[in-house]
Amino acid sequence: GAGITCFKTELELQNTPVDATRLQSAFGNDGLAILQEKIASCNGLVGRVWILDGKVLCAVKARAMLVGADGAESPSGCMADGRAAITAQPWNPPDDIVKEVTNLAELANSSWGSVELLFPEHDHSVDRLYYDINL
-3 GAGITCFKTE
7 LELQNTPVDA
17 TRLQSAFGND
27 GLAILQEKIA
37 SCNGLVGRVW
47 ILDGKVLCAV
57 KARAMLVGAD
67 GAESPSGCMA
77 DGRAAITAQP
87 WNPPDDIVKE
97 VTNLAELANS
107 SWGSVELLFP
117 EHDHSVDRLY
127 YDINL
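Once you know that position 45 of the sequence shown is 41 in the numbering used here, the rest is easy, because the numbers rise by one and skip nothing.
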């Protein structure tokens, strides 16, 4: 979470002076920054599904990880935050999610790994979003 800077609106980002400490802290030592859209989970939870040999090994739901100086929720790395991992609950994903995750593994030619997903809060055209594919 180091260096994460959150802007509430595109206009706020555009109006931030280039030399502002807040903006400069988003850049790494190599001078690069990543710009991502923040997408909140509708229920504050993210899911992670582990697969092995084309089958779901297990799955959990956990609170979105807290990152950044303001403690903003981020869907990034639901198991990277020890507090989230401790509160993770077993989850039986529906058949369509199981099929999509196993298809992702097949497309990646992977026999093991994990996939994280969330259920977007404000985008009703999408019922889930896969955002971290570790295959």
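Idealized CB from N, CA, C, for every residue including glycine. Every value quoted in this text rests on a predicted model; they were computed, and no experiment measured them.
If you follow the beta strand (DSSP E) that residue i is part of, which residue opens it and which one closes it?
{"i": "Ile47", "result": "37 to 48"}
{"i": "Leu131", "result": "Run containing Leu131: none; DSSP gives neither H nor E here."}
{"i": "Leu53", "result": "51 to 59"}
Kindly list the residues whose CB is nearer than 7 Å to the CB of residue i, restricted to its own chain and excluding five residues on each side of it in sequence; keep chain order.
{"i": "Trp87", "result": "Gly43, Ala55, Val56, Lys57"}
{"i": "Asn99", "result": "none"}
{"i": "Phe115", "result": "Ser37, Cys38, Asn39, Asp123, Arg124"}
{"i": "Leu53", "result": "Trp46, Ile47"}
{"i": "Gly109", "result": "Ile47, Ala101, Asn130, Leu131"}
Span of the alpha helix (DSSP H) holding residue i?
{"i": "Glu117", "result": "Taken as a continuous stretch (DSSP letters only), Glu117 belongs to no alpha helix (DSSP H), as it is neither H nor E."}
{"i": "Asp91", "result": "91 to 103"}
{"i": "Leu7", "result": "6 to 10"}
Closer than 7 Å: is that where the CB of residue i sits relative to any heavy atom of the ligand HEM?
{"i": "Lys34", "result": "Although the ligand HEM was asked about, the structure shown includes no ligands whatsoever."}
Could you give the distance in angstroms between the alpha-carbon of residue i and the alpha-carbon of residue j?
{"i": "Gln10", "j": "Pro89", "result": "40 Å"}
{"i": "Glu33", "j": "Leu113", "result": "15 Å"}
{"i": "Ala65", "j": "Tyr126", "result": "Note that Ala65 scores a pLDDT of 49, beneath 50, so its modelled location is shaky and nothing firm can be said."}
{"i": "His118", "j": "Val111", "result": "22 Å"}
{"i": "Thr1", "j": "Leu7", "result": "15 Å"}
{"i": "Ala84", "j": "Phe3", "result": "29 Å"}
{"i": "Asp196", "j": "Ser107", "result": "The structure shown does not extend to residue 196, since the chain spans only -3 to 131, so no value can be given for it."}
{"i": "Leu177", "j": "Arg18", "result": "This structure gives no information on residue 177, because the portion of the chain shown stretches from -3 to 131."}
{"i": "Val94", "j": "Ile47", "result": "9 Å"}
{"i": "Thr12", "j": "Thr5", "result": "11 Å"}
{"i": "Val97", "j": "Asn130", "result": "11 Å"}
{"i": "Asp26", "j": "Gln20", "result": "12 Å"}
Would you mind stating whether residue i and residue j have Cβ atoms separated by less than 8 Å?
{"i": "Glu102", "j": "Gly24", "result": "no"}
Go through its chain and collect everything with a Cβ distance to residue i's Cβ below 6 Å, but skip five positions before and after it.
{"i": "Ile35", "result": "Pro116"}
{"i": "Asp128", "result": "Glu112"}
When we look at the beta-carbon of residue i and count the other beta-carbons within 10 Å, is it buried (16 or more) or exposed?
{"i": "Leu31", "result": "exposed"}
{"i": "Ala104", "result": "exposed"}
{"i": "Asp92", "result": "exposed"}
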